[in-house]
Ligand SMILES: Nc1nc2c(ncn2[C@@H]2O[C@H](COP(=O)(O)OP(=O)(O)OP(=O)(O)O)[C@@H](O)[C@H]2O)c(=O)[nH]1
Ligand SMILES: Nc1ncnc2c1ncn2[C@@H]1O[C@H](COP(=O)(O)OP(=O)(O)OP(=O)(O)O)[C@@H](O)[C@H]1O
Ligand SMILES: [Mg+2]
Ligand SMILES: [Mg+2]
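Residue numbers (the numbering used here), protein chains in the order written: chain A, 571 to 991; chain B, 18 to 236.
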């Protein structure tokens, strides 16, 4: 069964009203005084329960009827029955009019309030949805910013990749062009060394066979003794130069490959094993090395290149210590978020020579080296950095100055985000 | 909700004529007024604008006493059909014991009929009336129009619905009484059940229905 009633105050507009309430819509005194002359005396009105509530009490009463029910009584001491009935009819008309006014005004009042309530509700809904849109707009702004950042980062990576590619292209060209002449210069030098030996044999033979004064004089005039002495040294030095050029070319190969390298999922342990092997092959003992590393960490990398990059850094550290002090490799893992892959931070810490601000500034420059002539090319860090960049990572050196040791920090993206540069 | 007042031995029923604007609700009630005997009907109340559009409501009070002396009072309302008067419509619909939905048979009025019917359902929900259980009859009025929607089409369209269809021409009074008596029969039944539930009153559905029947015939 339904329980809701009139919209506003819970009382329906069409409820039954007692006489007293109907009289709220009638000027009772005015009514009585207008009826009095007709009645010929004072009159009074009683409610349905016989309780007098207007005018004077009387003896004879005429019921007031409204829709088949007695709602009250009209009384007058002086009027006869017929007059009283006529007067009651007039009051009934007034009551019906009051009833009409009450119903319409209650209904109208309720309807207006209901309309107001609906308007207010709609307004609140509008405000709520406006609020929602505001929030949405704000978070949209954020999302757009994030997207923009990703785009910018991708753009940067792309530019970096293009730079690496053109650099690799150049390096490959140089390596190729230098390698060819290097080949025949090397071969020629070897032949030349042999030729000097042959000349020496010839000179000895000539001297023994003729013992001619003229020959000896010519020999001395040409300072052949010094020539034969100096010629092998000269060739020897040239050959060392060729070896050095060869080293440069092979270092440049790292740059060549970095831009187009094939990546694969690799465990850090695998990479480090290769790094140690390569370091030993280059003549540096890893005996003094300490490690605190998470070997199970998975990287997305090219094994050949990554081991070259790490080996260059490790060799630098070992060189800085020169047999004293110690070198430590430490790793730390930075877990990723939903949008971002995690990172591996690998630090190579040495207690060696340390670096001056100037060396720090130029360490990554190609061909920058502080090593004795002939012992360092100055390409190690250059190549390292290019390789690490090509893997979407980064490298930085830190040193408080000479004799304070150096720390190289390398950041590499972890494998598993699906996102790879 | 049927209203029983023990002290005055009176039960009051309320039925509402609902429907789109100008479908003939007021015309139905006026026709009923003319059919009932003066003793059994009260003064009709009509609140209309100059164009005969119902502004608040029409109210025709009807009453009779049962043999046991109980007063049975019926308040017969129409709502304003114009869309703008929804709050008034809602207030008038409140506490109804039965509804007659007066639809317009003109082909052009199908959409208005449908929208008004949806509005009836929505307002029932708003005032807490159980639409599924509400005694409801449907009347297609203005059958005298030159090209009304054919009765067969209407019956086909409404065949799945649980409510009875009545064809009427309120202007001539045709079908008005049948619609009214059908509505009363259904409303009285549910009212009698309600009154029985509260154990308040010694009156049967038959008694009330007979009352209305004799009223209708009595003129
Ligand atoms: N042709 C024809 N016209 C009718 C019939 N019934 C009512 N009308 C006319 O339709 C018009 C509207 O009738 P009303 O009874 O005032 O309609 P209503 O449903 O009360 O309209 P609202 O009060 O505005 O909701 C009037 O001009 C009536 O004469 C009918 O059966 N046939
Ligand atoms: N761990 C370190 N401690 C001190 N100085 C360092 C360290 N690593 C690099 N440097 C300085 O940076 C310079 C550049 O290093 P880089 O590896 O590029 O070239 P290199 O070691 O001199 O030559 P190459 O590696 O090509 O044989 C070095 O010459 C050295 O002065
Ligand atoms: Mg180096
Ligand atoms: Mg009307």
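Ideal Cβ placement from N, Cα and C applies to all residues, glycine included.
Q) Considering only C-alpha positions, which residue in the set 950(A), 916(A) and 640(A) is nearest to residue 932(A)? A) 950(A)
Q. Could you give the residue range of the alpha helix (DSSP H) that holds residue 51(B)?
A. 42–52
Q: Going by CA-CA distance only, name the one from 67(B), 171(B) and 154(B) that's closest to residue 36(B).
A: 154(B)
Q. Alpha carbon to alpha carbon, what distance is there between residue 665(A) and residue 63(B)?
A. 17 Å
Q) The alpha helix (DSSP H) spanning residue 865(A) covers which residue range? A) Note, residue 865(A): premise wrong, no alpha helix (DSSP H); not H, not E.
Q. Any contact of the region 42–59 of chain B with the region 607–617 of chain A, i.e. 3+ C-beta pairs under 8 Å?
A. no
(Q) Counting C-beta neighbours from all protein chains within 10 Å, is the total for residue 988(A) 16 or more, i.e. buried, or is it exposed? (A) Below a pLDDT of 50, predicted positions are generally treated as unreliable, and residue 988(A), at 42, falls in that range; the measurement from the model is reported next regardless. That one is exposed.
Q.
Using a Cβ-Cβ distance cut-off of 8 Å, determine whether residue 157(B) contacts chain A.
A. no
Q) CA-CA distance, residue 595(A) and residue 165(B)? A) 47 Å
Q) So is the beta-carbon of residue 1012(A) under 7 Å away from any non-hydrogen atom of ligand 1? A) Residue 1012(A) falls outside the range modelled here, since chain A spans only 571 to 991, and no answer is possible.
Q.
Short of 8 Å Cβ to Cβ, which residues in the region 666–697 of chain A face chain B?
A. 666, 670, 673, 674, 677, 678, 680, 681, 682, 684, 685 and 688
Q. How many Å lie between residue 662(A) and residue 119(B) at the Cα?
A. 34 Å
Q. How close, in whole Å, do the beta carbons of residue 114(B) and residue 204(B) come, if the pair is a contact with beta carbons under 8 Å?
A. 5 Å
Q: Answer with buried or exposed for residue 229(B), where buried requires no fewer than 16 other C-beta atoms within 10 angstroms of its C-beta.
A: buried
**Q.** Nearest-angstrom Cα separation, counted from residue 832(A) out to residue 1028(A)
**A.** Lying outside 571 to 991, the shown extent of chain A, residue 1028(A) is not represented and no answer is given.
Q: Please name the residues in the region 92–106 of chain B whose beta-carbon is closer than 7 Å to at least one beta-carbon of chain A, in chain order.
A: 92, 104 and 105
(Q) Quick check on residue 937(A): does DSSP put it in helix, strand or coil? (A) coil
(Q) Check whether chain A comes within 8 Å of residue 108(B), counting only Cβ atoms and requiring the distance to be less than that. (A) yes
Q) Would you report the Cα separation of residue 572(A) and residue 211(B), rounded to the nearest angstrom? A) Because the pLDDT at residue 572(A) is just 34, under 50, the model does not fix this residue reliably, and the point stays unresolved.
Q.
Taking 7 Å as the cut-off, is the beta-carbon of residue 925(A) closer than that to any non-hydrogen atom of ligand 6?
A. As presented, the structure is devoid of ligand 6, carrying ligand 1, ligand 2, ligand 3 and ligand 4 as its sole ligands.
Q) If you drop the 5 nearest sequence neighbours on each side, which residues of the same chain put their C-beta closer than 6 Å to that of residue 108(B)? A) none
(Q) Taking 7 Å as the cut-off, is the beta-carbon of residue 93(B) closer than that to any non-hydrogen atom of ligand 1? (A) no
Q: In angstroms with no decimal places, state the Cα-to-Cα distance between residue 578(A) and residue 677(A).
A: Confidence at residue 578(A) is low in this model, with a pLDDT of 41, below 50, so the placement of that residue should be treated as unreliable; the coordinate-derived value is given next. Taking the straight line from one Cα to the other gives about 10 Å.
Q) Since residue 147(B) is in the beta strand (DSSP E), which residue starts that stretch and which ends it? A) Taken as a continuous stretch (DSSP letters only), residue 147(B) belongs to no beta strand (DSSP E), as it is neither H nor E.
Q) If you count every other CB in all the chains shown that lies within 10 Å of the CB of residue 34(B), and 16 or more means buried, which is it? A) buried
Q.
Tell me which residue opens and which closes the alpha helix (DSSP H) that residue 846(A) is part of.
A. 838–851
Q: Select from 121(B), 173(B), 104(B) and 83(B) the residue whose C-alpha is nearest the C-alpha of residue 161(B).
A: 121(B)
Q. In the structure shown, what three-state DSSP assignment does residue 188(B) receive?
A. coil
Q) Which runs of the alpha helix (DSSP H) spanning at least 4 residues fall entirely within the region 771–809 of chain A, listed in chain order? A) 783–791
**Q.** Boundaries of the beta strand (DSSP E) in which residue 65(B) is found, first to last residue
**A.** 62–65
Q.
I want to verify the contact list: residues of chain B whose CB lies under 9 Å from the CB of residue 582(A), in sequence order.
A. 108, 111 and 112
Q | Pick from 199(B), 87(B), 92(B) and 196(B) that is closest to residue 583(A), judged by C-alpha positions | A | 92(B)
Q: May I ask which residues mark the beginning and end of the beta strand (DSSP E) holding residue 902(A)?
A: 897–904
Q: Would you mind telling me which residues of chain B sit closer than 8 Å to residue 637(A), beta carbon to beta carbon, in chain order?
A: 59, 78, 80 and 90
Q) Is there contact here, the region 612–631 of chain A with the region 640–654 of chain A, by at least three beta-carbon pairs under 8 Å? A) yes
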